[in-house]
Amino acid sequence: MRSELRSAAVIARITTLEAIRNKLLLVGLVFGVVLIALSLSAAAIAVGEKSRLICDVGLAAASAIGSIMTIALMVTSFSGELTKHTAYPVLARPIPRWAFILGKYVGVVVAMSAVVGVMILATAGTVAAYGDTPPAALWMQLPLALVEVALVASLALVFSTLATPALASCYSGGIVIAGNLAEQILEIARAKLHNDDSSGHILEGLYYILPDIQSLSVRSAAANTLLPPPGYVASGIGYGLCYAAMVVLLAMVIFERRKAV
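The sequence shown begins at 19 in our numbering and counts up by one.
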C-alpha cells in the first residue's frame, strides 16, 4: 500500500510541475494585473462601492476562471495523455490504476489551488491598495474556493474516464454550470410540484444529485461586508470534500474496470 501511495505522490508531483512548467501560475498574476486595471476604471465610484465591486468581480472571476482552467488541465492531463498514448509507459509499470488516478487528481488540485489562491490574494491586495480592509468573508472564501477546485477537478476526472477530451470538457462544464444554478433548479422544482406538475420530481431529484457549488461561495457576504451564517463555511467544506471524494472513488472504479485504456 505504501509503495502505491508513493507512486501516486510521484505522479502528483510530476503533474504539478508540468502545470507550473506550462506557466499556469502566470494566469494568477495576469488576473491580478487585469483586476487592478479594471478597478482603476471605477475611480469615480465611492470608496465603499469600489471595494464592493472589486470583491464581487474578483471572487466571481476567480471562481469562473478557476473552474475553466481546472477542467482544461484535468482533461488534458488525464484524458489527453490517454488519447495520445503518452500515459502508456506509466501504466505499463506495476502501478495500480487507482494510484495513477489519485496522482493525476492530486497534482491538478495542487496546481489549481495555487492559481486560485493567487487570484483571491490579488483581490484582497487590490482592496487593500485602495485603503480599505479586505472583509472577513473574503478570507473565508479562500478555503471554500480550494474545495471548489477539488470538486470541479473530480467531475472533470470522472468524465475523462468515460469520454473523449472534448466530450469530457463539455460534460464537466455543463455539470458545473448546473451546480451553480442548483438553488434556482430547486425553486423551479418546488413551483412545478405546487402546480401538480410531475416533472417537478425529476428536477428535485436532479437538485440532490448535482453538486451544490453555490454552497461553496460567500461572495455576496464579502461584497456587502457581511459574515456568513455560523457553521456555513465548515458545512460547505465538509460537503464539497465528501462529494469530491465520492466522485474520485467512482472514477477509480470506472478506470479499474475499463478494459481498453
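In this text, a Cβ means the ideal position worked out from N, Cα and C, and glycines have one as well.
Close-in-space but distant-in-sequence residues of the same chain around residue i (CB under 7 Å, 5 per side omitted)
i, result
"L262", "Residue 262 is actually Ala in this sequence, not Leu. Contacts found: A168, L169 and S172."
"L93", "First, the amino acid is wrong: residue 93 is Val here, not Leu. Counting only Cβ-Cβ distances below 7 Å, and skipping sequence neighbours, we find A174, S178, P183, A186 and S187."
"C73", "T141, V145, P153, L156, A240 and A241"
"W116", "M270 and E274"
"E205", "none"
Where the alpha helix (DSSP H) containing residue i begins and where it ends
i, result
"P161", "A154 to S178"
"A118", "Ala is not the amino acid found at residue 118; the sequence shown has Phe there. Looking at the DSSP string, the run of the alpha helix (DSSP H) that includes F118 is R115 to A147."
"T33", "R20 to R39"
"L245", "Careful: L245 lies outside any alpha helix (DSSP H) and carries neither H nor E."
Close beta carbons around residue i, own chain, < 8 Å, minus the five adjacent residues each side
i, result
"V165", "L234, G254, I255, G258, L259 and A262"
"L211", "G218, H219 and E222"
"V266", "I119, L120, Y123, S172, L175 and V176"
Outcome for residue i when other beta-carbon atoms lying within 10 angstroms are tallied against a minimum of 16
i, result
"L77", "buried"
"S81", "buried"
"I138", "buried"
"L53", "buried"
"R237", "buried"
"M130", "buried"
"A91", "Sequence check: residue 91 is Leu here, not Ala. The residue is buried, with at least 16 neighbouring Cβ atoms inside 10 Å."
"Q159", "buried"
"Y17", "Nothing can be reported for residue 17: it is not among the residues displayed for the chain, which extend from 19 to 279."
Review point. Are the stretch 210-227 and the stretch 145-156 touching, with three or more C-beta to C-beta distances below 8 Å?
Key: no
Practice item. Take every Cβ of the stretch 110-128, pair it with every Cβ of the stretch 25-37, and state whether three or more of those distances are shorter than 8 Å. Key: yes
Review point. Are the stretch 188-200 and the stretch 229-249 touching, with three or more C-beta to C-beta distances below 8 Å?
Key: yes
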